[in-house]
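Colleague:
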Amino acid sequence: MWRSESTGHQGPLRAKIRQVDSQTYRAWFAGRFAKVVPFAYPATLTRVPGTSSMYQSQTRLPLLGTYRMNAVVTPHSFNASFTGRRDEGIFQMSR
Numbered sequence: 001m002w003r004s005e006s007t008g009h010q011g012p013l014r015a016k017i018r019q020v021d022s023q024t025y026r027a028w029f030a031g032r033f034a035k036v037v038p039f040a041y042p043a044t045l046t047r048v049p050g051t052s053s054m055y056q057s058q059t060r061l062p063l064l065g066t067y068r069m070n071a072v073v074t075p076h077s078f079n080a081s082f083t084g085r086r087d088e089g090i091f092q093m094s095r
């Protein structure tokens, strides 16, 4: 699920995440905004130096600006906070 702390909107979230190498994951996030508007975007998550499960991402989205994400990735969960030009919130997923 995703939730915007700025607007209170929330909705379902899915992701396909694959490991590229020991430092990098590629993710494709897909969800729904306002129950009917689909969204999808790619992100490259890079390991934070000196950590084993913390990752960061920065993705430029058309019309929305740059979104930054800080995530904790484990074999069973993905928990992240995101910030954008006019939005901030969380992504939470588990297997």
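In the UniProt record's numbering, the protein residues as written are 1 to 95. Ideal Cβ positions, reconstructed from N, Cα and C, are used throughout, including at glycine. Just so you know, these numbers come straight off a predicted model, no measurement behind them.
Exposed or buried, what is A71 when buried is set at 16 or more other beta-carbons lying within 10 Å of its beta-carbon?
Modeller: Buried, since its Cβ has 16 or more Cβ neighbours within 10 Å.
Colleague: Whole angstroms are fine: how far does the CA of W2 sit from the CA of T24?
Modeller: Cα-Cα distance, rounded: 22 Å.
Colleague: What are the boundary residues of the beta strand (DSSP E) that T24 is part of?
Modeller: Unbroken beta strand (DSSP E) run through T24: T24 to F33.
Colleague: Work out the CA separation of P12 and F33 for me, nearest whole Å.
Modeller: Cα to Cα, F33 sits roughly 8 Å from P12.
Colleague: Could you tell me which of Q58, F91, E5 and Q56 sits nearest to S77, measuring between CA atoms?
Modeller: Among Q58, F91, E5 and Q56, the Cα nearest to that of S77 is on F91.
Colleague: Shortest alpha-carbon distance to P75 belongs to which of P62, R95 and R60?
Modeller: That would be R95, whose Cα lies nearest to the Cα of P75.
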